[in-house]
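Q:
Numbering (our numbering), first residue to last: 4 to 121.
1) Assign residue 59 to one of three DSSP states: helix, strand, or coil.
2) For residue 70, count neighbouring C-beta atoms within 10 Å of its own C-beta (all shown protein chains included) and say buried if the count is 16 or more, exposed if not.
3) Where does residue 50 land, buried or exposed, given buried means 16+ other C-beta within 10 angstroms?
4) Count the other C-beta atoms from every protein chain shown that fall within 10 angstroms of the C-beta of residue 66, then say buried if there are 16 or more, exposed otherwise.
5) With a Cβ-Cβ cutoff of 9 Å, do residue 43 and residue 73 count as a contact?
6) Within 10 Å of its beta-carbon, does residue 117 have 16 or more other beta-carbons around it, so buried, or fewer, so exposed?
7) Could you tell me the boundaries of the alpha helix (DSSP H) in which residue 73 lies?
8) Is residue 39 closer than 9 Å to residue 77 when the C-beta atoms are compared?
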């Protein structure tokens with residue numbers, strides 16, 4: 004089955020999508036993650052070439068397995084690493100609501116105490 008909205012692989016946004024993916028790839032520190040993104044991008048390029056040359060519709064199951072799934076895995080690994088790094092710093096608040104001013108000193112002392120108790 005094909006995607007419900009135009010895919011970057013078959014639509015006019017392919018070049019922009021591929022450029023953004025390459026930029027994201029270049030930002031990654033991990034050679035393994037960079038390689039995973041590069042492989043997915045190469046597979047996407049192959050699908051795009053086949054589509055533009057012969058107007059063959061992509062095999063969406065293969066696109067899912069060889070392009071989408073690896074990119075989702077990289078995204079998930081990045082999220083896990085960011086969460087792990089945030090957890091290493093006990094002074095980083097876990098919620099998104101700001102601490103009301105009158106409580107900020109108590110919250111700061113609380114986190115300092117947690118850090119000393121380790």
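In this text, a Cβ means the ideal position worked out from N, Cα and C, and glycines have one as well.
A: With the structure as the only source:
1) coil
2) buried
3) buried
4) buried
5) yes
6) exposed
7) 72-90
8) yes
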